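Engineer: Sending over a structure as structure tokens; questions will come in a sec.
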Amino acid sequence: MLEKKLQKNYFLIVTPAILLILIFFILEKLGFTFVFQTSGKLVSTLIIILAASTSTILPIWYKLILIKRLKNKKKVSFEEFLTLQNKTIFTAAFSIYWIFPAYMYQIPNIPMLLISFFAIYALYYYYPSKRRIDMEKKTFRINHH
13 MLEKKLQKNY
23 FLIVTPAILL
33 ILIFFILEKL
43 GFTFVFQTSG
53 KLVSTLIIIL
63 AASTSTILPI
73 WYKLILIKRL
83 KNKKKVSFEE
93 FLTLQNKTIF
103 TAAFSIYWIF
113 PAYMYQIPNI
123 PMLLISFFAI
133 YALYYYYPSK
143 RRIDMEKKTF
153 RINHH
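Right under this line is the structure:
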């Protein structure tokens, strides 16, 4: 039940990005482009840092905050756990959106691959599967079904 709710949230975030990628691809094949300007190293570096932050750093940070709160408690409330899961899913799934500014600013291939890798990693790792949710419920001592 919990994973269905989290999966719904996941797809609400991810689906528009995937549709936009398809639209950009189709429009580019038809001769339209959405390029603002050629990017410099600063823009590439900034987008890579943002992609890394949303795909890995911030989700881990959210968990560390909850673990710190858990330190003196026997268990975490279901509401706290649900909030953590939603923040983690939103932040990680948002990493796919960094592909758009990277494309629009004509980021070179290697940095673009890195940004795409962060997005794919986040989408795969933080997908709210039953197995992952059960593992995290055990980690955070959640008894709610």
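Remember, my numbering sits 12 above the position in the sequence shown when you count from 1. Heads up, the beta-carbon is just placed ideally off N, CA and C, and yes, glycines get one too. Note that the structure is predicted; figures quoted are calculated from it, not measured.
Can you tell me the Cα-Cα spacing of Lys20 and Leu78, whole angstroms?
Structural biologist: 23 Å
Engineer: Please name the residue, chosen from Leu76, Leu18, Gln97, Phe112, that lies closest to Ile35 on a Cα-to-Cα basis.
Structural biologist: Phe112
Engineer: With H, G and I counted as helix, E and B as strand and the rest as coil, what does DSSP make of Thr117?
Structural biologist: According to the sequence provided, residue 117 is Tyr. The question's Thr does not apply to it. DSSP places Tyr117 in coil when its eight states are reduced to three.
Engineer: Nearest-angstrom Cα distance between Phe37 and Glu148?
Structural biologist: Spanning the two alpha carbons is a distance of roughly 37 Å.
Engineer: Do Ala29 and Phe130 have their C-beta atoms closer together than 7 Å?
Structural biologist: no
Engineer: For Ile101, count neighbouring C-beta atoms within 10 Å of its own C-beta (all shown protein chains included) and say buried if the count is 16 or more, exposed if not.
Structural biologist: buried
Engineer: Alpha carbon to alpha carbon, how far is Thr45 from Leu39?
Structural biologist: 7 Å
Engineer: Between the alpha carbons of Asn121 and Phe152, how many angstroms are there, rounded?
Structural biologist: 40 Å
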